[in-house]
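Residue numbers (the working numbering), protein chains in the order written: chain A, 53 to 299; chain B, -15 to 570.
So the structure is just underneath, and the comments pick up after that.
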């Protein structure tokens, strides 16, 4: 089999022994040219250094575990094909999160934010199973479908300048998820989500750089979701001053 | 060791575990549930299921059809009482998923749409484009957030069950962030930890699918049932093993050999027609399609590629619009991984290990033979899949039996009597010393070496076709690996997120599970469903219309016993595909 030797420069940090993160270089990694960066990391793990730690599972861009910064850009390492990189590749943990160890970051903050936006269907009236499904046309489905595609890989948090400045910001994926439910024809929970979504730390914190949408491996477009939420919230705000109008 | 208390501990937070947790919360919000998972819930492998979930809902369909498709598809090794329960419950479960927000694909009328799937006589597979498992998993995870009684410990690797006098008392788990072991005392435990495809080198399964829960229950005395039945999915991408959903063929894709010939017509699967016909040709069952590939390979009619032998999946005639609407992930994966666009190119595919029909033996209440221990999902064997699972029955299974496990776990705690603290803590300490021993040990065997040797031997001896001598050498290799594992090297001695340690523990589980597969396979001297023997070519109902039951033996091969199959209304018969199967034309 044809092989291609590459070098990985990996940011290491083992809290029990390292004062601060440092780059470790792994040279002459024999790679199949079809491989992704994750495969090269697994080669290192299996054959060169058992102590290197990173998360991964599905290897097919859907579990969202293996987000890393590859040559300066947040990527799923299972979707970062070696053919798109030079012979020396720099791999770092996602930015804007504390490093737990090596390429593993602490994502507690994100998980709390995801939970805070009430990301579940709040229907107008509870139907029993015997009453059958809620009807929803393909057009109604399309309104929110894109925003339901988020795999929580956190590339968007890694690139978001606002989250980097102020980690109170609810952030792209969680706001996109709130919008996914708000835009669902079966849902009436927008008001219940507003205290988080439309708070100071919610949509209004977004400075609309749009980098989140560019790095998203699933084309979720969190920036678009945030803009749409801003519009509906602004309309709510204005109509709240008009007597007799309930938004 | 830190002690945590809960009412019900659930090991695994994929589809089955999450569904079980919700069932508990809905049964009684005062009952505490603790989800223990080695990954965050949304990383669970349910997310990789693509095609859909079968459930009878349309007027042209009937529960009886789904029953017979499933029983025949499983080559009569299914328990028919379990199948009947399953097909009755699944439409309700799928509707419940809709109520929780699952974005099912729809018809213009607003009703849920269904698509054709292999081995099913009528279109009945609910789907969310080709990301059904992903949407189900996220819907379930997000729905659990509504219930304050559901707590989680994410990234905690369960190592041992605590069992006293045949009744489960809790679970020991390793907090990956700190390396600390925790003793979780629980009144009921549900294992929903998924399958074990990683015991093979070429699999659609994610890295996490190492059979941990199966091995944990097995070591605690539960039987692993029908482990020799391993499903090869006919269409994986070569090289990576990434799954291309059966939906590709459901939507009308063809399988072509090197001559561009739809070769399935040579294997008792009916005549080719331009439009798909259910239970015919490409919409036959997975075992038969994967076996046909093997025969084409023997005849030299597969395509030689840089990844080895492949066949071609032709979806070009479906058109870009349909592919983008129904199979967007398939297009993305094909372009990225093999550089072919299904809109314009033939996509190379080959059979790939996908699913374990076998698992922890349970009855139709999802109860194992250990008191208070329940199991559901791929790690369990109830058995609705028999010798060959039909595509789109597993997502339904994890909902139906996840919910049943949850409800019955609630029932169990009402009569639960705890063992003494000292007894529980003694077992916890034993588990701890086993793990700590790895840190003190001076082992020399490398994880990657043993893993490679194990998985390659599983492919060699327990692949699509098997024979006595092939399986025997696999059994020998597995025994050797099991022996050498006692001298495993833990090279990384640190505490925080030590994936060398978790990989050692996973390898230990893989070895136990592999041994049950190989030994069950050598003992089953017949061909049935996914278990095909070159030396015993036919099904032998007289001797083997039985479930194999593997019991743990610390010092050697598992003990294999047999359990009668439950037959209610369908007597074993020949499996019929093609025109005589009467499948719906699409």
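We treat Cβ as the ideally placed atom computed from N, Cα and C, and that holds for glycine.
Helix, strand or coil for residue 38/B? Go by DSSP, reduced to three states.
Correct three-state label for residue 38/B: strand.
Just verifying my parser: in three-state terms, what is the DSSP assignment at residue 74/A?
Of the three classes helix, strand and coil, the one that applies to residue 74/A here is strand, per DSSP.
Which residues in chain B have a C-beta closer than 9 Å to the C-beta of residue 186/A? List them in chain order.
Simply 82, 83, 94.
Cβ-based burial, residue 81/B [other Cβ within 10 Å; buried from 16]
Buried, since its Cβ has 16 or more Cβ neighbours within 10 Å.
Smallest Cα separation from residue 490/B: which of 113/B, 79/B, 141/B?
Per the Cα distances, 141/B.
Please report the straight-line C-alpha distance between residue 273/A and residue 206/A, rounded to a whole angstrom.
Their Cα atoms are separated by approximately 13 Å.
Below 7 Å between beta carbons: does that hold for residue 449/B and residue 516/B?
Their beta carbons are under 7 Å apart, which means residue 449/B touches residue 516/B by this criterion.
Keeping to the same chain, check which residues put their C-beta closer than 8 Å to that of residue 113/A; ignore five residues upstream and five downstream.
Leaving aside the five residues that flank residue 113/A on each side, the residues in its chain whose CB is nearer than 8 Å to its CB run, in chain order, 128, 130, 131, 203, 269, 270.
Looking at chain B, is there any beta carbon in it that lies within less than 7 Å of the beta carbon of residue 67/A?
Taking a beta-carbon distance threshold of 7 Å, residue 67/A counts as an interface residue toward chain B.
May I ask you to report which of helix, strand or coil DSSP gives residue 358/B?
Here DSSP, grouped into helix, strand and coil, assigns residue 358/B to strand.
With a 10 Å radius around its C-beta and 16 neighbouring C-beta atoms as the bar for buried, classify residue 426/B as buried or exposed.
Exposed is the call here.
Output needed for residue 506/B: all residues of its chain with C-beta closer than 8 Å, excluding positions within five of it in sequence on either side, in chain order.
For residue 506/B, where only same-chain residues beyond five positions count, the Cβ hits under 8 Å are 452, 455, 456, 459.
Quick one: is residue 22/B buried, meaning 16 or more other Cβ sit within 10 Å of its Cβ, or exposed?
Classification for residue 22/B: buried.
At a Cβ threshold of 7 Å, is residue 234/A touching chain B?
Using beta-carbon distances, residue 234/A does not count as an interface residue toward chain B, since no partner is under 7 Å.
Have a look at 569/B, 553/B, 492/B, 402/B and flag the residue whose alpha-carbon is nearest the alpha-carbon of residue 65/B.
In terms of CA proximity to residue 65/B, 553/B leads the group 569/B, 553/B, 492/B, 402/B.
Residues of chain B with CB closer than 9 Å to the CB of residue 116/A, please, in chain order.
Ordered by position in chain B, the residues that pass the 9 Å Cβ test against residue 116/A are 24, 26, 27, 31.
So, is residue 54/A buried or exposed, given that buried needs 16 or more other C-beta atoms within 10 angstroms?
Under a 10 Å Cβ-count criterion, residue 54/A is classified as exposed, with fewer than 16 other Cβ atoms of the shown protein chains found around its own Cβ.
Who are the Cβ neighbours of residue 170/A in its own chain at under 7 Å, not counting the five residues just before and after it?
Correct list, in chain order: 241, 244, 245.
Assuming residue 125/B contacts residue 26/B (C-beta within less than 8 Å), just tell me the rounded distance between them.
That pair is a contact at about 6 Å.
Just to confirm before moving on: does the CB-CB distance between residue 250/A and residue 199/A stay below 7 Å?
Contact flag unset, no.
Chain-order list of residues whose beta-carbon lies under 8 Å from that of residue 175/A (same chain, five-residue window excluded):
Once the five neighbours on either side are set aside, the close Cβ partners of residue 175/A are 186, 238, 239, 240.
Range covered by the beta strand (DSSP E) that runs through residue 326/B:
No beta strand (DSSP E) contains residue 326/B, which DSSP labels as neither H nor E.
Can you pull the chain B neighbours of residue 64/A, defined as C-beta to C-beta under 9 Å?
Correct list: empty, because the minimum Cβ distance to chain B is about 12 Å.
Output the distance between the C-alpha atoms of residue 252/B and residue 443/B, rounded to the nearest integer angstrom.
Separation of residue 252/B and residue 443/B (C-alpha to C-alpha, rounded to the nearest whole angstrom) is 26 Å.
Counting only C-beta atoms, is residue 100/A closer than 7 Å to chain B at any point?
Taking Cβ atoms only, chain B never reaches closer than 7 Å to residue 100/A, which makes this a no.
Under the DSSP definition of a beta bridge, which residues are partnered with residue 332/B?
The beta-bridge partner set that DSSP reports for residue 332/B consists of 296/B.
With a cut-off of 7 Å, does the C-beta of residue 128/A fall near any C-beta of chain B?
Answer no: the Cβ-Cβ gap between residue 128/A and chain B never drops below 7 Å.
Determine, for residue 240/A, whether the minimum Cβ-Cβ distance to residues of chain B falls below 7 Å.
Residue 240/A does not count as touching chain B.
With 16 other Cβ atoms within 10 Å as the buried cut-off, status of residue 182/A:
Residue 182/A should be labelled exposed.
Quick check: is the beta carbon of residue 87/B nearer than 7 Å to any beta carbon in chain A?
So, interface residue.
Should residue 289/A be labelled buried (16 or more other beta-carbon atoms within 10 Å of its own) or exposed?
By the 10 Å Cβ count, residue 289/A comes out exposed.
Since residue 575/B is in the beta strand (DSSP E), which residue starts that stretch and which ends it?
No statement about residue 575/B is possible, as the shown extent of chain B runs from -15 to 570 and does not include it.
My output table needs one value for residue 90/B: the three-state DSSP class, helix, strand or coil.
Per DSSP, reduced to three states, the secondary structure at residue 90/B is strand.
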